[in-house]
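Residue numbers (my numbering): 20 to 106. The structure under discussion appears below in the form of structure tokens.
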Amino acid sequence: MSLYHLIYQSQSLVPFETPELVALLRKARTYNRAHGITGILLYTPDGRFLQVIGGRTEIVRRLYHQRIVADPRHYNCRVISEGPCQH
């Protein structure tokens with residue numbers, strides 16, 4: 020199976036405190052586990068997100084374009100890097 024990565028950044032529209040981040044993490048872990056997705060999500064004190072997503076190409080791209088970009092809690096999603104990866 021070939022692996023694919025996508026790295027993006029965005030700006031939150033609302034502040035994310037610990038309870039919101041924990042809820043986001045729980046939901047993402049459930050979805051990611053079911054779809055073979057790996058990665059990391061960083062959130063900065065000034066409300067920026069940076070995420071690295073890895074998995075099968077079509078699943079990673081669908082996650083980004085249909086779920087992440089459509090999420091109304093953030094805006095200005097910008098892909099920084101994407102493409103095949105070794106592991």
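Note that the Cβ used here is the ideal one computed from N, Cα and C, for glycine as well.
Query                                                                                                                                    : Result
So, using beta-carbon positions, are Tyr62 and Ile72 closer together than 8 Å?                                                           : no
Excluding the 5 residues flanking Glu101 on each side, which residues of the same chain have their C-beta closer than 6 Å to its C-beta? : Leu25
Does the Cβ of Ser21 have 16 or more other Cβ atoms within 10 Å, making it buried, or fewer, making it exposed?                          : exposed
Would you identify the three-state DSSP class for His84, choosing helix, strand or coil?                                                 : helix
What did DSSP end up calling Ile99 once you bin it into helix, strand or coil?                                                           : strand
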